[in-house]
Amino acid sequence: MKHMFDYYLTTIKIAIQEQFQYRVTQYFYMIGMIAEPVIYLVVWSTIARSQGGSVGGYTPEAFAAYYLVWTLVRNMNIVFTPYGWENRIRSGWFSMDLLRPIHPLNNDVAYFAGMKVVVIILWIPIGFVLSLFFKPDLHPAWYQVIGFFFAIWGAYLIRTMLLSLLGMITFFTTRVGAIFELYFAFELIFSGRLVPMSLMPATVQQIAVFLPFQWTFFFPIEVLVAPMSAQTMLAGLGMQLLWIVMGWVAVRIMWKFSVRQYSAVGG
Amino acid sequence: MLYLALNYLRVGIQNELQYRVNFFIQLGQSVISLVTGLIGLWLVFSHTTELNGWTQPELLMVMGIFILMGGVITSLIQPNMTRLLEEIRMGTLDLTLTKPADAQGLVSIREFRFWSLTDVLVGIIVLSYGVYHYPGNVGITQSLAFILTLLLGSIIIYCFWLIITTTAFWIVRVDEIVNLFQGVYAAGRWPVGIYPRWLQVGLTFIIPVAFAVTIPANALTSRLTPLILVGTFALTILFIIMARYFFRKGLKNYSGASA
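In order, the protein sequences belong to chains V and E. For the first sequence, the residue numbers in my numbering are 8 to 274. For the second sequence, the residue numbers in my numbering are 1369 to 1627.
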């Protein structure tokens, strides 16, 4: 246990130092990334105003709060991409990772967790500027702030499991681009990434209940943005935990079957 | 240079034609992004009847142009720019610079992704559907203005891509730059007029996107004034000069990483 802890701590430290060197490029990345929620925000604020001030219970200021928190949640749930899996499997680099005495997934989880520290520090000024302009309607209770801290890490872990599962498909076929795209389209619709789930048609909301996606976007955002009782919040965090455990089990099973397929293409 | 470009184009097509399955994969991806786009549009119109004065068929036209232009970017512009980024990083740009042709011209014509033209096709279909349901009149003048502004828009986008690629001479990481461009381009899915003025001014980044997608849509829906048309011309020329200037300045800074 202790050696795992040390490993995580060291990898996190390395990630922080490495990523902090590339501040300018990190900002490039962030500007590109922040364009997405700003676009949604502008579109939905325009609609809210044309509908007499609100749509589906959301005022422009409520949308501003939603999409502002969105930017932080999105930063948190950026994990090792399935395209990265594709790359390391297709190119054969993965052979090196397999030689390590611990499961390669540990490195992905730890490294990206370290990156979050840099990302959050760099996000703060952007979040500040955005909130100056969009005037978000945001006043969470104290327990929501604490809950939010756990919810974003929950989202991070769930998405890590999901995207690792997706990435491992590359063990079986190297033509995975379209599968990934399909996954991201699903996620966009069922997670609250596109719009708050309450604006979605009832059927979509009903299906979303059975899927893990909304626990990576909608729930963490709502923890901070919406008025929520401590009880509901804890139940939600429990759901996140459940999905993390299920995801972890699925990853283990998938790993067992898929890594046998690995043939070190080009390695 | 034109002869050279045609040759590269021919080689590019021949290369891609070897991998026919890629066409279906590309088609699958185009369909997925089309469907998500349509769902977004449908969501908007399930809550309102018009968006800042743009009706549903008009927004479909905008979306069609967005997809069409996206196809042009991913088949002709982006592959060249990512290759340039990669070569600056690796230092292999040396090999290109020693060739007698104009460097900027050469780095802009070497790659061609034939199958990405699927998006051009999909875009045209969406656009035509929008035009078909558009109650207004789309005549010869509008069509000509549309083609002209579309052409100017793609030149602006190319210059814009080249300018941000040029930053790689100073800061070298590829993924972030691609992500930056794609994020900014995504703004073109909606008419630029809906963005608040401070954002249009503050994020001058949006400007090339506006000219690439919204202005042609303006042309089709009779929103284009002669003044804007002249302005587009002027801006295109400005962008060409800027791109040229930045590229040269970047080249001077290039020292060849590993060669």
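For glycine and all other residues, C-beta sits at the position ideal for the given N, C-alpha and C. Computed from a predicted model, the values in this text were never measured in an experiment.
- Secondary structure at V:V266: helix, using DSSP grouped into helix, strand and coil.
- For V:T32, the enclosing alpha helix (DSSP H) starts and ends at R30 to S57.
- Cβ neighbours of V:G60 within its own chain (closer than 7 Å, five residues either side excluded): T66.
- Annotated three-state conformation of E:W1422 is strand, per DSSP.
- One alpha carbon belongs to V:I54, the other to V:A233, and they sit about 20 Å apart.
- The beta-carbon separation of E:A1611 and E:I1531, rounded to 5 Å, stays under the 8 Å limit for a contact.
- Taking all protein chains in view, the Cβ of V:S171 is crowded by 16 or more other Cβ atoms within 10 Å, so the residue is classified as buried.
- In this structure, E:I1596 lies near E:I1583, with their beta-carbon atoms less than 8 Å apart.
- Distance from E:Q1472 to E:F1607 at the Cβ level is roughly 13 Å; contact not present, criterion being Cβ atoms closer than 8 Å.
- V:V49 reaches chain E at W1558, I1562, Y1563, P1564 and L1567, counting residues in chain order whose Cβ is nearer than 8 Å.
- Setting aside the 5 residues that flank it on each side, E:T1423 has no residue in the same chain whose C-beta is closer than 7 Å to its C-beta.
- Against chain E, the beta carbon of V:S57 has neighbours under 9 Å at T1416, T1417, E1418, L1419 and N1420, listed in chain order.
- Fewer than three beta-carbon pairs drawn from the region 1382-1392 of chain E and the region 1401-1412 of chain E are found closer than 8 Å, and the two stretches are therefore not classed as touching.
- Counting along the chain, no alpha helix (DSSP H) covers V:M8, and no H or E run does either.
- Residue-level contact by beta carbon holds for E:V1403 and chain V, with a gap shorter than 8 Å.
- Every unbroken stretch of the alpha helix (DSSP H) spanning 4 or more residues and falling wholly within the region 117-199 of chain V is given here in chain order: 149-175 and 184-197.
- Proximity to E:V1499 across E:S1398, E:M1429 and E:L1474 peaks at E:M1429, based on C-alpha coordinates.
- Proximity to E:E1426 across E:R1557, E:A1580, E:Y1622 and E:I1609 peaks at E:R1557, based on C-alpha coordinates.
- For V:V62, the secondary structure class from DSSP, reduced to helix, strand or coil, is strand.
- Along the region 242-261 of chain V, there is no position whose C-beta sits under 8 Å from a C-beta of chain E.
- For E:S1476, the uninterrupted alpha helix (DSSP H) segment begins and ends at A1471 to I1477.
- Contact between the region 182-199 of chain V and the region 211-221 of chain V is present: three or more C-beta pairs spanning the two stretches fall below 8 Å.
- Rounded to whole angstroms, V:Y14 and V:Q213 show a C-alpha spacing of 41 Å.
- Shown here is that no member of the region 1501-1512 of chain E has a Cβ falling below 7 Å from a Cβ of chain V.
- In this structure, the beta-carbon distance from V:V125 to V:F27 falls below 8 Å.
- With contacts defined as CB atoms closer than 8 Å, V:A72 and V:L169 fail to qualify as a contacting pair.
- Looking at V:G39, V:R200, V:T78 and V:A22, the one whose alpha-carbon comes closest to that of V:L137 is V:T78.
- Taking a Cβ-Cβ cut-off of 8 Å, E:L1427 has no neighbours in chain V, whose nearest Cβ is about 10 Å from it.
- In the DSSP assignment, E:T1417 falls outside any alpha helix (DSSP H) and carries neither an H nor an E.
- Contact between E:L1588 and E:F1514 holds, with the beta-carbon distance rounding to 5 Å and staying under 8 Å.
- The residue among V:V86, V:V230, V:F226 and V:M207 with its C-alpha nearest the C-alpha of V:A120 is V:V86.
- For E:G1491, the uninterrupted alpha helix (DSSP H) segment begins and ends at L1485 to H1501.
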